[in-house]
Each structure stands twice: as structure tokens, then as C-alpha cells.
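Asks: Per my numbering, the sequence shown runs over residues 23 to 220.
No residue lacks a Cβ here, since even glycine has one placed at the ideal position from N, Cα and C.
Bear in mind that the values here come from a model prediction, so they are computed numbers and not experimental data.
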Amino acid sequence: MLLGVFILIRMSGCHQHPLTDYRPLDQLGMWSSNVEQLKTLNTSDMEVAQLVKLKQAGIGDDACVTLITQAHLRQHLFTSADSAVNLARAGYPELVILEIAKTDQLDIISGDAVMLRLIGLSDSAVDSILHRRLKGQATMSSAEIGRLKNTGLTEKQILERINQGMTDPQADKESSLREAARNHANTGFVRTRERKSR
23 MLLGVFILIR
33 MSGCHQHPLT
43 DYRPLDQLGM
53 WSSNVEQLKT
63 LNTSDMEVAQ
73 LVKLKQAGIG
83 DDACVTLITQ
93 AHLRQHLFTS
103 ADSAVNLARA
113 GYPELVILEI
123 AKTDQLDIIS
133 GDAVMLRLIG
143 LSDSAVDSIL
153 HRRLKGQATM
163 SSAEIGRLKN
173 TGLTEKQILE
183 RINQGMTDPQ
193 ADKESSLREA
203 ARNHANTGFV
213 RTRERKSR
């Protein structure tokens, strides 16, 4: 009787996925030890499909297992493969992707993080901005950072403004002023005089 109750509780309480098909991961070359870890994590078919995307993008086996583990620790399924793949394609190393996943912000931060790379900031500047975001500190959006950069501010000047807590509305105001000044610079009318012939 006690054994029957234990089995009933075990089967109903943990959303078991005993029929999950791990063959796609095996076909992509995932090590059997990593597949076994995924089995112990009770990975779902939907998560296997997410892992296939990660593997096809070149994300390593250990990182795949860690991403599933992090999601399960936060008591939800892993559904952020597209965000992780976008980060990887933008040049972010697996360690950074895992750091973002650890804070459960892959889907929240990935778009802005990719834009930071496209803006052309140095790795150290991007790391600084990402760490501020991961800590929950105020940081301008990548769109405003890009606008400030396009108005001629240096990376150092932009980072100073970020570290001082500049908000998007403040950045928008400064960008607008700088753009207006730039657009009206050297636009004065110069009158040329014609030479009189003698």
C-alpha cells in the first residue's frame, strides 16, 4: 500500500517526461553522458527541440545542460534557445550567455545585448553595460546609446553618462540637442561677390 502511494505521488507530482525522444541530440553529436544528465533533469520534448537549436548554433553540450538546469531551478521549462543563439551569433561567449541565463533574463536582455555589439562598442564597454543590467542598475537602452554615439560622443563619454545614471529620456534630450547643433553647424550663408570687369 505504502509503495503504491509513493509511486502515485512520484508520477503525479513532477511532470515526468518518460517518453522524451533524445535521439535528435544524439544525432547532433551530444555526448551520452550529457544526454543522461538531461534525462535526470526530466527534459521535455519541447526542451529537446530548444537544445537542437542550440547545438546547431554551436553551443556546447555542457552549456546546453546548464541552460536546462538553470531554467528548472527557476521552476520553468527552457524556452530561450532563440535568445541564446542570437547572443552566440553576435559573438558572446558561452560564459556570458550562461551568466545571463543564471539571472533568468535571456529573453529580456538578448535583443539589447545584440544591439550593443552592432553599435560597435568595445568588449569591455559591452561587458560593463551588461553587468549593470544584470545587477538591475539603471542603464540606457542600446538605441539611446547608439544615438549618443552617432552624435559624436566617445565610448568613454557614453560610459561616464551611464555610470552617472543617465536615463533614456535624458539621453534622448542630449541626443536631440547634439543632433540639432550638428545639423545646423556650418550652414551659414556666405555671399560671394562678383568681380566687376574693367
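Of the residues G158, D190, V118, which one's Cα is nearest the Cα of S146?
Replies: As a working note, residue 146 is residue 124 in the sequence shown. The shortest C-alpha separation from S146 is found at V118.
Asks: List the whole-angstrom C-beta distance separating E166 from D194, where the pair is believed to meet the contact cut-off of C-beta under 8 Å.
Replies: Within the sequence shown, numbered from 1, the residue matching residue 166 stands at position 144. Within the sequence shown, numbered from 1, the residue matching residue 194 stands at position 172. Right, their Cβ atoms sit about 6 Å apart.
Asks: Look up P115 in the DSSP assignment and say whether it is helix, strand or coil.
Replies: Here residue 115 is taken as the residue at index 93 of the sequence shown, counted from 1. Three-state result, P115: coil.
Asks: Only counting the same chain, and skipping five residues up and downstream in sequence, which positions put a Cβ closer than 8 Å to that of V87?
Replies: Working through the sequence shown from its first residue, we reach residue 87 at position 65. Once the five neighbours on either side are set aside, the close Cβ partners of V87 are N56, Q59, L60, L63.
Asks: Hey, which unbroken runs of the alpha helix (DSSP H) at 4 residues or more fall wholly within the segment 132-175?
Replies: Considered as a whole, the segment 132-175 harbours 145-156, 164-172 as its complete alpha helix (DSSP H) runs of no fewer than 4 residues, in chain order.
Asks: Whole angstroms is fine: what's the gap from T161's alpha carbon to D48's?
Replies: In the sequence shown, the residue the question calls residue 161 occupies position 139. In the sequence shown, the residue the question calls residue 48 occupies position 26. Taking the straight line joining both Cα atoms gives about 42 Å.
Asks: Terminal residues of the continuous alpha helix (DSSP H) containing R200?
Replies: Position 178 of the sequence shown holds residue 200. 190-206 is the span of the alpha helix (DSSP H), which, as asked, contains R200.
Asks: Mind checking whether E69 and L99 have CB atoms under 7 Å apart?
Replies: Stepping through the sequence shown from its first residue, residue 69 is reached at position 47. Stepping through the sequence shown from its first residue, residue 99 is reached at position 77. Cβ atoms of E69 and L99: closer than 7 Å.
Asks: Out of curiosity, what's the CA-to-CA distance linking Q159 and K75?
Replies: In the sequence shown, residue 159 corresponds to position 137, counting from 1. In the sequence shown, residue 75 corresponds to position 53, counting from 1. Their backbone Cα atoms lie some 31 Å apart in a straight line.
Asks: Please go through the segment 70-133 and give each complete alpha helix (DSSP H) segment of 4 or more residues, from N-terminal end onward.
Replies: Every alpha helix (DSSP H) stretch that sits fully inside the segment 70-133 and reaches 4 residues is listed by chain position as 83-95, 103-111, 116-124.
Asks: Quick check: what's the CA-CA separation for T101 versus G113?
Replies: Locating residue 101 in the sequence shown gives position 79, where the first residue counts as 1. Locating residue 113 in the sequence shown gives position 91, where the first residue counts as 1. So the two alpha carbons sit approximately 21 Å from each other.
Asks: Using a 10 Å radius around the Cβ and a threshold of 16 neighbouring Cβ atoms, would you call A203 buried or exposed?
Replies: Residue mapping note: residue 203 aligns to position 181 of the sequence shown, counting from 1. Exposed, by the Cβ-count rule.
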